[in-house]
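As you go down the protein sequences, you meet chains A and B in turn. Quick note on our numbering: the first sequence kicks off at 1 and runs consecutively. Quick note on our numbering: the second sequence kicks off at 1001 and runs consecutively. We put the CB at the ideal spot given by N, CA and C, even for glycine. The structure displayed is predicted, hence computed values, not measured ones. Heads up: the structure comes next, in structure tokens.
There are 2 protein chains.
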Amino acid sequence: MTQFCDGSVPAVTNTRDAEYPRVNPDGSVTFRLDAATAQTVAVQPGGGDNGLGVGPYPMQRDDEGLWTVTIPPAVPGFHYYWLLVDGVAVNDPNSLTYFGYNRPTSGIWVPEKDVDWYGPLDVPHGVVRCQWYRSDVTGKWRQIRVYTPPDYDTSGDRRYPVLYLQHGSGEDQTGWTTQGRADLILDNLIAKGQCEPLIMVNECGYAEPPGQEPLARPSFAGQPNEAAMAAYMVERAKRLDTGFGAVVVQDLIPFIDANYRTIADRDHRAMAGLSMGGFQTLQITMTNLDLFAYIGAFSGGPWGAIDLDTLYDGAMADAVAFNERVKLLWMGAGTAEARQLSRLETIQDALLERGIAHVAFISQGTAHEWLTWMRHLHDFAPRLFR
Amino acid sequence: MTQFCDGSVPAVTNTRDAEYPRVNPDGSVTFRLDAATAQTVAVQPGGGDNGLGVGPYPMQRDDEGLWTVTIPPAVPGFHYYWLLVDGVAVNDPNSLTYFGYNRPTSGIWVPEKDVDWYGPLDVPHGVVRCQWYRSDVTGKWRQIRVYTPPDYDTSGDRRYPVLYLQHGSGEDQTGWTTQGRADLILDNLIAKGQCEPLIMVNECGYAEPPGQEPLARPSFAGQPNEAAMAAYMVERAKRLDTGFGAVVVQDLIPFIDANYRTIADRDHRAMAGLSMGGFQTLQITMTNLDLFAYIGAFSGGPWGAIDLDTLYDGAMADAVAFNERVKLLWMGAGTAEARQLSRLETIQDALLERGIAHVAFISQGTAHEWLTWMRHLHDFAPRLFR
């Protein structure tokens, strides 16, 4: 991997030895594709404006068939993108792929300057376990990822609290430990004594009972259809109690408590999630407060009007009782995601009026993307189990 | 996922809910791409003839911009492929990606009939751990995958033998537990009592000492350049002792023995690998027989002429001594990979003439691809540590 004289470096999200895309010192990014037979090539950022700008950015062809473009300085963080080859959205062969948009998708990491809280540092590291388990709810084997803290294998009979942490729409159980670097964030917090050693579990937030067809998803394209996605989310909510919610309560928690050295009570169990995962988290935890005492919604929450008397079967109707029972209700957004920021303010107004204790966290300068949620985890995790 | 009236089913290697590619009852495969703006689209199998035939297979466009082709019945197993969109090799957005050809690459699984030894079955499952560890040889953090058998977390102080199992050229530490389903193969063998419960370690076979630039690899294209790849392999061999070989001996084995409940002696340590990984395995084990007693080369071995008096510093020069020391020397190939089959015969002739005990295994009908190596593991693993 080469640093050029101009100070540019290959992105850490590149494939082995790929020199492009390169991140330039000013945060601009240079993309390149070897495609002599293509008529047009462009860079298409994921999701409207995810920090790479809106695009598409047409690339220029040189005499040897190399197409190149440098796009304006990007917001730091992880950004999904595609290349449009003669108008067809495809992954960049120079990028590793990350599960988003319901499929492996190119991504680029634009680093923040002078920040190392998500690096692989010289500290003790936990382990991320990829594990099959049987779900009675779906009648199928499912794959989860389980982070165990650095001392898990050497601490004898010591038992640990558990954080169930969920991805967003179109992603899966791999998101938090690839795009989100959650294992490294926790390693670093634990090494500094800023976070209780904990077990983190990442499931895949899609689940159907036997015989139920998966919901038809909005069709895939360079620019996702926001209205269709919203309608899809509403329909998902209706199915949550018998789908993924049932998997968490009936299959996942019992499996984790049976197979890991957990402290298997509500005071040592947290759930959080980003975007769709935040939406799921609030619905699952609020309707199962006998199971969870710590709740986090990262850029995600209830859709529609907020009526605390009826929302989640009235879980928050009695503020005094709720505040006594729930040790942490944490919500966040980024300043560059207008819709989620506005939703957060609406919810917060309702909570303040009712007197519901909560933490609200705003990530400066970041949009509906992973750096927002990494910062959320970095603030949320130290508040757990203390 | 829908079975159509024609009996076709979506490939298990597809992304979530993708209906194409579909495997038909006769083993032929139907590919489809939504690409209204493309001028030509074709299916390009990986690596010349990997079981999908040589290709490329031009796809036909319908009025709505869907491109489709059905290719002839394929050899069962896992096959890499790309789509050529106006001549540019890209991944199929309907396929999951698998690390091969030095990057995430589309792959399709064409199932064998009436075979379940690599399925997720209703048996106890082990865990695949993704783990960071620090390499002194490279001066960098590296990521490994470690399979622990189903009873590992509940067996108290029980200690286990270790199999170090390596991927092929252009792949990485994820290959054996994604493309290769090694965890499921071992789960199933262990459940039947046909294999000793063991720990399996998968490293990434690329490593350079600090300051050494990675070898320039043959350029990527739909059809890889075989001659350039061969020259590249020869150069890699020269660097093995100070590169990946040093990582295994100086960094990896000590890390595993310090962090897992291993039986840390040569009689309980095996190494095997496929293709480039077999080539590496033979060189690393034969020159470190104080560390390894079980050796497997899956479709990979020494290049050039075979002279047992000098090969691997003469490790096999004295057959009696070698046979006493090495408990298993196992080599395999597939009938549809002519070059490796011929190499295997050459080596076997030399071993037979010298009187070196060994096992040779031929996979019927399979080429230089994963089903060959999955069958190799399925035969190899039960012979270990007994």
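Requested in this report: Could you check how far apart the C-beta atoms of B/GLY1087 and B/GLY1168 are, in whole angstroms? I think they sit under 8 Å.
Outcome: Working through the second sequence from its first residue, we reach residue 1087 of chain B at position 87. Working through the second sequence from its first residue, we reach residue 1168 of chain B at position 168. Rounded, the Cβ-Cβ distance is 27 Å, inconsistent with contact.
Report task. Give a yes or no on whether the minimum CB-CB distance between A/THR68 and chain B is below 8 Å. Result -> Numbered from 1 along the first sequence, position 68 holds the residue referred to as residue 68 of chain A. No, A/THR68 does not count as interfacial toward chain B.
Query raised in the report: How would you list, in chain order, the residues of chain B whose beta-carbon sits under 9 Å from the beta-carbon of A/GLY87?
Result: Along the first sequence, read from residue 1 onward, the residue named residue 87 of chain A stands at position 87. Simply ALA1035, ALA1036, THR1037 and ALA1038.
Query - Inside the stretch 227-279 of chain A only - alpha helix (DSSP H) runs reaching at least 4 residues - result: Listed in chain order, the complete alpha helix (DSSP H) runs (minimum 4 residues) inside the stretch 227-279 of chain A are 253-259.
Query raised in the report: Which residues share a DSSP beta bridge with B/LYS1140?
Result: Sequence index remark: in the second sequence, residue 1140 of chain B carries index 140 (1-based). The partner list for B/LYS1140 (beta bridge, DSSP) reads B/SER1135.
Requested in this report: Answer yes or no: does any C-beta atom of chain A fall closer than 8 Å to that of B/ASP1151?
Outcome: Your numbering for residue 1151 of chain B matches position 151 in the second sequence. Residue-level contact by beta carbon fails for B/ASP1151 and chain A, as no gap is shorter than 8 Å.
Report task. Would you identify the three-state DSSP class for B/ILE1295, choosing helix, strand or coil? Result -> Within the second sequence, the letter at position 295 stands for residue 1295 of chain B. Looking at B/ILE1295 - three-state DSSP - the assignment turns out to be strand.
Query raised in the report: Going along the stretch 115-132 of chain A in order, which residues come within less than 8 Å of chain B, judged by CB to CB distance?
Result: Result list: PRO120, ASP122, HIS125, VAL127, VAL128, ARG129, CYS130, GLN131 and TRP132.
Requested in this report: Under 8 Å between beta-carbons, which chain A residues line up against B/ASP1265? List them in chain order, please.
Outcome: To locate residue 1265 of chain B, count along the second sequence from 1; it is residue 265. Near B/ASP1265 there are no residues of chain A at all, since even the closest Cβ is about 21 Å away, more than 8 Å.
Requested in this report: Quick one: give me the first and last residue of the alpha helix (DSSP H) that A/HIS79 is part of.
Outcome: Here residue 79 of chain A refers to the residue found at position 79 when the first sequence is read from its first residue. Segment 77-85 is the beta strand (DSSP E) holding A/HIS79; no alpha helix (DSSP H) there.
Query - Neighbourhood of B/TRP1141 by C-beta distance below 8 Å, restricted to the same chain and skipping five residues each side - result: Here residue 1141 of chain B is taken as the residue at index 141 of the second sequence, counted from 1. So the qualifying residues of the chain are TRP1132, TYR1133, ARG1134 and SER1135.
Requested in this report: Specify, as a first and last residue, the run of the beta strand (DSSP E) that B/SER1169 falls within.
Outcome: Position 169 of the second sequence holds residue 1169 of chain B. DSSP places B/SER1169 outside any beta strand (DSSP E), giving it a letter other than H or E.
Report task. Note down the Cα distance separating A/ASP151 from A/ILE190, rounded to an integer number of angstroms. Result -> The sequence position of residue 151 of chain A within the first sequence is 151, counting from 1. The sequence position of residue 190 of chain A within the first sequence is 190, counting from 1. The straight-line gap from Cα to Cα measures roughly 10 Å.
Report task. Tell me, please, whether the CB atom of A/PRO93 is closer than 8 Å to any CB atom in chain B? Result -> What you label residue 93 of chain A is simply residue 93 of the first sequence in a count that begins at 1. Taking Cβ atoms only, chain B reaches closer than 8 Å to A/PRO93, which makes this a yes.
Query raised in the report: Between the C-alpha atoms of B/PRO1218 and A/GLY300, what's the straight-line distance to the nearest angstrom?
Result: For the purposes of this step, residue 1218 of chain B is taken as the residue at position 218 of the second sequence. For the purposes of this step, residue 300 of chain A is taken as the residue at position 300 of the first sequence. The C-alpha of A/GLY300 is placed about 46 Å away from the C-alpha of B/PRO1218.
Query - Enclosing alpha helix (DSSP H) for B/GLY1314 [first to last residue] - result: The residue labelled residue 1314 of chain B in the question sits at position 314 within the second sequence. Per DSSP, B/GLY1314 belongs to the alpha helix (DSSP H) from 1311-1314.
Requested in this report: Verify the CB distance criterion: does A/VAL90 have a CB-CB separation below 8 Å to chain B?
Outcome: Against the first sequence, residue 90 of chain A aligns to sequence position 90. By this cut-off, A/VAL90 is an interface position.
Requested in this report: Return helix, strand or coil for A/PHE361, following the three-state DSSP convention.
Outcome: The count along the first sequence starts at 1 and reaches residue 361 of chain A at position 361. Strand at A/PHE361.
Query raised in the report: From the beta carbon of B/ASP1017, is the nearest beta carbon of chain A less than 8 Å away?
Result: Translated into positions along the second sequence, residue 1017 of chain B becomes position 17. At least one chain A Cβ lies under 8 Å of B/ASP1017.
Query raised in the report: Can you tell which of A/LEU96, A/PRO111 and A/PRO93 has its C-alpha closest to the C-alpha of A/PRO73?
Result: The residue you call residue 73 of chain A lines up with position 73 of the first sequence. With distances taken between Cα atoms, A/PRO73 lies closest to A/PRO111.
Requested in this report: Note down, in chain order, each residue of its chain lying with its Cβ closer than 6 Å to the Cβ of A/LEU352, except the 5 sequence neighbours on either side.
Outcome: Taking the first residue of the first sequence as position 1, residue 352 of chain A is located at position 352. Hits under 6 Å: none found.
Query - CA-to-CA distance, A/ARG339 to B/LEU1252, given in whole angstroms - result: As a working mapping, residue 1252 of chain B is identified with position 252 in the second sequence. As a working mapping, residue 339 of chain A is identified with position 339 in the first sequence. Near 48 Å, if we compare the C-alpha coordinates of A/ARG339 and B/LEU1252.
**Report entry** Nearest residue (CA-CA) to A/THR40, options A/LEU240, A/ILE199 and A/THR68
**Finding:** The residue labelled residue 40 of chain A in the question sits at position 40 within the first sequence. Residue A/THR68 is the option with its Cα nearest to A/THR40.
Query raised in the report: By how many angstroms is the C-alpha of B/PHE1078 removed from the C-alpha of B/ARG1375?
Result: Locating residue 1375 of chain B in the second sequence gives position 375, where the first residue counts as 1. Locating residue 1078 of chain B in the second sequence gives position 78, where the first residue counts as 1. Their Cα atoms are separated by approximately 12 Å.
Query - Candidates B/VAL1090, B/VAL1320, B/GLU1208 and B/GLY1193: closest to B/ARG1386 by CA position - result: Here residue 1386 of chain B refers to the residue found at position 386 of the second sequence. Between B/ARG1386 and the set B/VAL1090, B/VAL1320, B/GLU1208 and B/GLY1193, the nearest pair of CA atoms involves B/GLY1193.
Query raised in the report: Which runs of the alpha helix (DSSP H), 4 residues or longer, sit entirely within the stretch 1056-1130 of chain B?
Result: For the stretch 1056-1130 of chain B, not a single whole alpha helix (DSSP H) run of length 4 or above is found.
Query raised in the report: Which residues in the same chain have their Cβ closer than 8 Å to the Cβ of A/ASP62, if we skip the five residues on either side of it in sequence?
Result: As a working mapping, residue 62 of chain A is identified with position 62 in the first sequence. Setting aside the 5 residues that flank it on each side, A/ASP62 is surrounded in the same chain by THR68, each with a C-beta closer than 8 Å to its C-beta; the list follows chain order.
Report task. Just tell me which of B/GLN1364, B/ASN1014, B/TYR1147 and B/PHE1255 has its CA closest to the CA of B/TYR1081. Result -> Taking the first residue of the second sequence as 1, we reach residue 1081 of chain B at position 81. Closest in C-alpha terms to B/TYR1081, from the list B/GLN1364, B/ASN1014, B/TYR1147 and B/PHE1255, comes B/ASN1014.
Requested in this report: Give a yes or no on whether the C-beta atoms belonging to B/LEU1066 and B/ARG1016 are separated by under 8 Å.
Outcome: Taking the second sequence and counting its residues from 1, one reaches residue 1066 of chain B at position 66. Taking the second sequence and counting its residues from 1, one reaches residue 1016 of chain B at position 16. Contact: no.
**Report entry** Where the alpha helix (DSSP H) containing B/ALA1333 begins and where it ends
**Finding:** Here residue 1333 of chain B refers to the residue found at position 333 of the second sequence. Premise fails: B/ALA1333 lies in the beta strand (DSSP E), 1328-1334, not in any alpha helix (DSSP H).
Query - Contact set for A/ARG129: own chain, Cβ-Cβ below 8 Å, skip 5 residues either direction - result: Within the first sequence, the letter at position 129 stands for residue 129 of chain A. Scanning its chain for C-beta atoms nearer than 8 Å, with the 5 sequence neighbours on each side dropped, one finds around A/ARG129 the residues ARG145, VAL146, TYR147 and THR148, in chain order.
Query raised in the report: What is the residue span of the beta strand (DSSP E) that A/LEU33 lies within?
Result: To locate residue 33 of chain A, count along the first sequence from 1; it is residue 33. Judged by DSSP secondary structure, A/LEU33 falls within the beta strand (DSSP E) whose first and last residues are 29-34.
Query raised in the report: Is there at least one Cβ from chain A nearer than 8 Å to B/ARG1103's Cβ?
Result: As a first step, residue 1103 of chain B is located in the second sequence; it is residue number 103 there, counting from the start. The C-beta of B/ARG1103 comes closer than 8 Å to at least one C-beta of chain A.
Query raised in the report: If you drop the 5 nearest sequence neighbours on each side, which residues of the same chain put their C-beta closer than 6 Å to that of A/ILE108?
Result: The residue given as residue 108 of chain A occupies position 108 in the first sequence. In the same chain as A/ILE108, and ignoring 5 residues on each side of it, the C-beta atoms closer than 6 Å to its own belong to ALA11, THR13, PRO21 and HIS79, in chain order.
Query - Residue from A/LEU163, A/PHE4, A/PRO120 and A/VAL137 with nearest C-alpha to A/ASP187 - result: Within the first sequence, numbered from 1, the residue matching residue 187 of chain A stands at position 187. Of the listed residues, the one whose Cα sits closest to A/ASP187 is A/PRO120.
Requested in this report: With 9 Å as the limit, tell me which residues of the stretch 303-327 of chain A have their beta carbon closer than that to any beta carbon of chain B; keep them in chain order.
Outcome: Against chain B - using a Cβ distance shorter than 9 Å - the stretch 303-327 of chain A contributes no residues.
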